[in-house]
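Accompanying notes for the structure given below.
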Amino acid sequence: MSTEKESIYREIGIRKSVLDFGNQIEAGLKERFRAIDETAEYNQLKVIRAMQENRVSEACFQYASGYGYDDLGRDTLEKVYASVFHTEDALVRPQITCGTHALSLALAANLRPGDELLSPVGKPYDTLEEVIGIRPSNGSLAEYGITYSQVDLLPDGSFDYDNIKKAIHDKTKLITIQRSKGYQTRPSFSVSQIGELISFVKRIKPDVIVMVDNCYGEFVETIEPSDLGADLVVGSLIKNPGGGLAPIGGYIAGRKDLIENCSYRLTSPGLGKEVGASLGIMQSFYQGLFLAPTVTASALKGAIFAANIYEKLQFPVIPDGQEDRHDIIQAVTFGKPEGVIAFCKGIQAAAPVDSYVTPEPWAMPGYDSDVIMAAGAFVQGSSIELSADGPIKPPYAVYFQGGLTWPHAKLGILMSLEYLVRDGIVTL
Ligand SMILES: *Cc1c(COP(=O)(O)O)cnc(C)c1O
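In structure tokens form, the structure reads like this:
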């Protein structure tokens, strides 16, 4: 068996020294991986119980078109999400096109002219800058007279409680907390850290709405921000909760009245959740959610494996090889463009789809430098599938995430190392 495994690794392009190095790192991660499997086991049971409680049946997978009144699959799925996140209600639909759309919807639905939105955790994810109007944009919240204020994190990455307290006043209607660092250098927050922040702001203003941008965080821990007081949790189905199978979609789970507002904004006042046919894709939403706990576990193992590989080779990694994980993103700094390029070429070469394509840096709209991206995904743009990207500018860091299965995540990282060895950037 082990020689068969070695020979298929060789056929696929991994030299023996790279495989041996990887196996040696993997052998040191048994305890970490066991803990991740424990979390996945718990979350798997949580999802199954939610499906059982809400009587998911084959009828839920049927095609529904037109207005979509009484769409059983859609209505039941929303109940399942509410059960998983322990919330009163949820909105989970293919009509929510992505994570940014879900976040924009939740904000626009629950803020009114004259209200203020506060981010107590620094700058939000890039795409939200235009939603909020931090960067002037047509249709932003700012255009509707909704103001924004922000309290940056302290230099050590912790919450600036003094200034958060000062920033909350009678116009503060909604507080947004981003769980994952996204592509910033700050730490990602644990659910319990988020819970502390929620308790703090609710003590100051009990009726303030707290929304958590949960992207990349779902199923990484056994609890979600909605278990510790978040009124709304929001995310994308082409990340963790879609389990790699959902081809589109976003979710918002939370308090009933707030979800109702979201439904009026998504469809129309008066119509709300009643319309919006699920168009035959419900099976992928259910099955994706069913797989999401183990898929997230695979992605986490990949991130930890990579951190330990590249840390051992003296490259700066964030988070480091030992740290607890609060999301699935891993950053590795190579310090020169050739490292970023070789890494991305390796990830691409290990993909099940488009493995023969060679990624090249290019000038992507919205970025101030060339960017190289590697993705051989079944669902275009899906970042729960193994993918990597790196801006070609100092410090020449690559960000990568995903991996629907642990063996694929392992292969991708070994292949990235293989390319770095081939290009003479790493010597084993
Ligand atoms: C990905 C992401 C988003 C936006 O989701 P899209 O599906 O890309 O629109 C928002 N916030 C965070 C933290 C994310 O990681």
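Mapping the sequence shown onto our numbering, position 310 (from 1) lands on 327, and the numbers just tick up by one. Built from N, CA and C at the ideal position, the CB exists for glycine as well.
Below 5 Å from a heavy atom of ligand 1 - residues by beta-carbon
C115, G116, T117, Y142, S197, G199, D230, C232, Y233 and S253
Beta carbon of L262 nearer than 7 Å to that of G289
no
Using the Cβ count rule (16 or more neighbours within 10 Å means buried), how would you classify W379?
exposed
Beta-carbon proximity of G407 to I389, cut-off 7 Å:
yes
Is the beta carbon of G267 closer than 7 Å to that of N280?
In the sequence on display, residue 280 carries Ser and not Asn. Not a contact, by the Cβ cut-off of 7 Å.
Give me, in chain order, the residues of the same chain whose beta-carbon lies closer than 7 Å to that of A359; leave out the 5 immediate sequence neighbours on both sides.
Y436, L437, D440 and I442
Residue range of the alpha helix (DSSP H) that I215 falls in?
V208 to I221
Between the C-alpha atoms of A247 and Q167, what's the straight-line distance to the nearest angstrom?
19 Å
Considering only the alpha carbon of each residue, which of K329, L317, P412 and A348 lies closest to E55?
L317
Between the C-alpha atoms of T20 and R27, what's the straight-line distance to the nearest angstrom?
10 Å
Residues near G150 by beta carbon distance below 6 Å, same chain, minus five either side:
S157, L158 and A159
What is the residue span of the beta strand (DSSP E) that I389 lies within?
V388 to A392
Leaving out the 5 sequence neighbours to the left and right, which residues in its chain are closer than 6 Å to V415 when beta-carbon positions are compared?
V349, V357, F360, A405 and G407
Give the DSSP-derived three-state secondary structure of T144 in the structure shown.
helix
Is Y373 buried or exposed, if buried means 16 or more other CB atoms sit within 10 Å of its CB?
exposed
Taking the alpha carbon of I163 as the point to measure from, which residue in I185, S136, R196 and A125 has its own alpha carbon closest?
A125
Continuous beta strand (DSSP E) assignments of at least 3 residues falling wholly in the stretch 310–341
none
Are the Cβ atoms of S205 and S197 separated by less than 7 Å?
yes
Mark Y84 as exposed unless 16 or more other C-beta atoms lie within 10 angstroms of its C-beta, in which case mark it buried.
exposed
Taking 7 Å as the cut-off, decide whether the C-beta atoms of A123 and L214 are in contact.
no
Pair within 7 Å by beta-carbon distance, G393 and A426:
no
Which of the three DSSP states, helix, strand or coil, is assigned to Q61?
helix
Is the beta carbon of A314 closer than 7 Å to that of A57?
yes
Just to confirm, is the Cβ distance from V97 to M68 under 7 Å?
yes
Compute the distance between the beta-carbons of H103 and S209, then report whether it is under 7 Å.
no
Tell me where the beta strand (DSSP E) around L191 begins and ends.
T189 to Q195
Are the stretch 131–141 and the stretch 184–195 touching by the rule of at least three beta carbon pairs closer than 8 Å?
yes
In the DSSP output, what is D406 paired with across the bridge?
M390 and Y416
Given that a residue counts as buried once 16 or more other Cβ atoms are within 10 Å of its Cβ, and exposed if not, what is G116?
buried
Can you give the Cα-Cα distance for E23 and I31, rounded to whole angstroms?
9 Å
Taking only the alpha-carbon atoms, compute the straight-line gap between D216 and K222 and give it to the nearest angstrom.
In the sequence as displayed, the identity of residue 216 is Ser instead of Asp. Each residue's alpha carbon lies about 10 Å from the other.
For the alpha helix (DSSP H) that contains E291, what are its first and last residues?
Where E291 is concerned, there is no enclosing alpha helix (DSSP H), given that its DSSP letter is neither H nor E.
Specify, as a first and last residue, the run of the beta strand (DSSP E) that L431 falls within.
Run containing L431: none in the beta strand (DSSP E); it sits in the alpha helix (DSSP H), W423 to R439.
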